[in-house]
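Residue numbers (our numbering): -11 to 97.
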Amino acid sequence: LPNKIVFYRDGVDEGHYQKVLNHEVNKIKSACRIVYGNRQLPQITFIVVKKRHNTRFFLYDGQHTMNVQAGTVIDQGITHPSQFDFYLCSQAARMGTSRPALYHVLHDD
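As structure tokens, this is what we get:
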């Protein structure tokens, strides 16, 4: 059995984060207690992913504006000052503007 489990959850509005944290994370922990029995419980990380937002990132070389490279992480400056969140541009845009995902870490053991 794994010693670390990471959940990615989509489709949660910011106003429902606490409800998801209280309900879903507790259910996951309860299920782990049943499955793991007397063994050490896994560390759990629960991340909400938002794909529908209007934030975009660009590079500017003095003459041209271009998309950031795939794998770019933005975790300061425009993120929430007291929450664990970050933007990740996980893929290159084939056409148009790349769209990063916004990740909110709701629980991290």
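The C-beta atom is built at its ideal place from N, Cα and C for all residues, glycine as well.
Exposure of residue i, with buried meaning 16 or more beta-carbon neighbours within 10 Å
i, result
"S18", "exposed"
"L90", "buried"
"S86", "buried"
Closest Cα partner of residue i within the set the options
i, options, result
"M94", "G65, K38, C20, G25", "Here residue 94 turns out to be Leu, not Met, going by the sequence shown. Residue K38 is the option with its Cα nearest to L94."
"L(-11)", "G3, G25, V8, D1", "G25"
"K(-8)", "L9, M83, H68, L29", "L29"
"S70", "E12, R21, H92", "H92"
Beta-ladder partner(s) of residue i, from DSSP
i, result
"H68", "Answer is none; H68 lacks a bridge partner."
"R(-3)", "V36"
"A89", "L76"
"D63", "Looking at the DSSP assignment, D63 forms no beta bridge with any residue, so it has no partner."
"D96", "T33"
Heavy atom of the ligand MN within 8 Å of residue i beta-carbon
i, result
"C77", "The ligand MN is absent from the structure shown, which contains no ligands of any kind."
request  = Enumerate, from N- to C-terminal direction, the unbroken alpha helix (DSSP H) stretches of 4 or more residues contained entirely within the segment 0 to 59.
outcome  = 5 to 8, 14 to 24
* **Any 3 or more C-beta pairs closer than 8 Å across the segment 48 to 56 and the segment 27 to 36** => no
### Query
At a cut of 8 Å, does the segment 63 to 82 reach the segment 38 to 48 through at least three beta carbon pairs?
Touching, per the Cβ criterion.
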